[in-house]
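> I'd like to ask some things about the structure below.
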Amino acid sequence: MASVSMGAILAPGSSSLTPGTDAMTSPHAYGSVVHSQLDSFDIFNSSGVLLYQGQLESFVFQNALGELTFDLAIIGSEAGLNGVIGEVARSGFAGWVTDVDWRADALGMKSPDSASRSTGGDKLFWSGPWSGTAGIFSGESSRMMFASTDASAFQTNSGLARITLTTGEFIDIEVAAPVPAPGALALIGLAGCVGTRRRRRC
61 MASVSMGAIL APGSSSLTPG TDAMTSPHAY GSVVHSQLDS FDIFNSSGVL LYQGQLESFV
121 FQNALGELTF DLAIIGSEAG LNGVIGEVAR SGFAGWVTDV DWRADALGMK SPDSASRSTG
181 GDKLFWSGPW SGTAGIFSGE SSRMMFASTD ASAFQTNSGL ARITLTTGEF IDIEVAAPVP
241 APGALALIGL AGCVGTRRRR RC
């Protein structure tokens with residue numbers, strides 16, 4: 061990331077602890093909101109029993125240099141259900157530099173202990189222990205998890221957020237992801253990215 065001092069760069073195939081950060085420590089991850097999205101979701105088991113119900117809140121921030129940070133948080137989960145979220149993942153980051161953590165100065169209850177990145181670099185994963193527990197229980201919320209990048213352009217519905225329970229059930233929700241700037245996009249002959257899963261919007 062040119063002229064920006066990022067925190068813990070998460071390289072493809074690597075993992076790191078996520079102690080949490082704030083605007084003073086990670087100024088590159090803060091800026092103006094250029095996109096926001098709120099999606100309701102339900103996760104069922106194979107018998108059709110509702111295990112988890114909540115909302116996924118996502119944002120894209122742009123800092124003073126035009127670089128983008130992508131945020132996710134679990135909010136508004138329904139209490140009294142048996143599901144526990146063990147992992148939150150997000151795709152669409154192949155080829156981009158990423159600094160992955162969570163915002164200590166934002167609202168929320170449960171924070172991830174660590175983050176990892178797939179070998180190809182496309183997928184980012186936040187996982188537990190979550191504030192010393194197995195996960196995000198029903199009725200709880202997560203802290204705002206973010207991935208700062210060196211991208212300056214994004215496209216809505218071009219990536220997937222995957223919310224996975226500790227018992228293996230999951231749901232995919234379409235979210236924004238970084239894309240090459242319009243000029244670079246034309247040069248490599250791409251028409252853009254398209255999400256492959258439906259999004260449930262509240």
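As numbered in my numbering, residues 61 to 262 make up the sequence shown, in order.
From the three backbone atoms N, C-alpha and C, an ideal C-beta is built for every residue, glycine too.
(1) DSSP three-state label for residue 87, please.
(2) Using the DSSP secondary-structure output, state which residues sit across from residue 205 in a beta bridge.
(3) Using beta-carbon positions only, say whether residue 177 and residue 96 come within less than 8 Å of one another.
(4) Between residue 116 and residue 223, which are expected to be in contact by the criterion C-beta below 8 Å, what is the C-beta distance as a whole number of angstroms?
(5) Alpha carbon to alpha carbon, what distance is there between residue 106 and residue 124?
(6) Go ahead and label residue 71 buried or exposed: buried means 16 or more other beta carbons lie within 10 angstroms of its beta carbon, across all protein chains shown.
(7) Beta-carbon within less than 7 Å of residue 225's beta-carbon, same chain only, minus the 5 sequence neighbours each way: which residues are those?
(8) Per DSSP, what are the beta-bridge partners of residue 102 in this structure?
(9) Here's the rule I'm using: 16 or more other beta-carbon atoms within 10 Å means buried, otherwise exposed. How should residue 94 be labelled?
(10) Could you round the C-beta distance between residue 89 and residue 129 to whole angstroms and report it? I think they count as a contact, below 8 Å.
(11) Report all residues from its chain with a CB closer than 6 Å to the CB of residue 122; omit the five preceding and five following residues, and keep chain order.
(12) Count Cβ pairs between the stretch 196-215 and the stretch 227-239 that sit closer than 8 Å; are there 3 or more?
Quick answer:
(1) Against the sequence shown, residue 87 aligns to sequence position 27. In the displayed model, residue 87 falls within a helix according to three-state DSSP.
(2) Mapped onto the sequence shown, residue 205 falls at position 145. Answer by DSSP bridge pairing, in chain order: 132, 162.
(3) Numbered from 1 along the sequence shown, position 117 holds the residue referred to as residue 177. Numbered from 1 along the sequence shown, position 36 holds the residue referred to as residue 96. Cβ atoms of residue 177 and residue 96: not closer than 8 Å.
(4) On the sequence shown, residue 116 is found 56 positions in, with the first residue counted as 1. On the sequence shown, residue 223 is found 163 positions in, with the first residue counted as 1. The pair is a contact, with the Cβ atoms about 7 Å apart (cut-off 8 Å).
(5) Within the sequence shown, the letter at position 64 stands for residue 124. Within the sequence shown, the letter at position 46 stands for residue 106. So the two alpha carbons sit approximately 47 Å from each other.
(6) In the sequence shown, counting from the first residue as 1, residue 71 sits at position 11. Exposed, by the Cβ-count rule.
(7) The count along the sequence shown starts at 1 and reaches residue 225 at position 165. Closer than 7 Å at the Cβ level, and outside the excluded window around residue 225, lie 103, 111, 112, 143, 144, 145, 146.
(8) Locating residue 102 in the sequence shown gives position 42, counting from the first residue. Residue 102 pairs with 113.
(9) On the sequence shown, position 34 is the one that residue 94 refers to. Sixteen is the threshold: since fewer than 16 other Cβ atoms of the shown chains lie within 10 Å of the Cβ of residue 94, the residue is exposed.
(10) Position 29 of the sequence shown holds residue 89. Position 69 of the sequence shown holds residue 129. 5 Å between Cβ atoms; contact.
(11) The residue you call residue 122 lines up with position 62 of the sequence shown. In the same chain as residue 122, and ignoring 5 residues on each side of it, the C-beta atoms closer than 6 Å to its own belong to 91, 92, 94, 128, in chain order.
(12) yes
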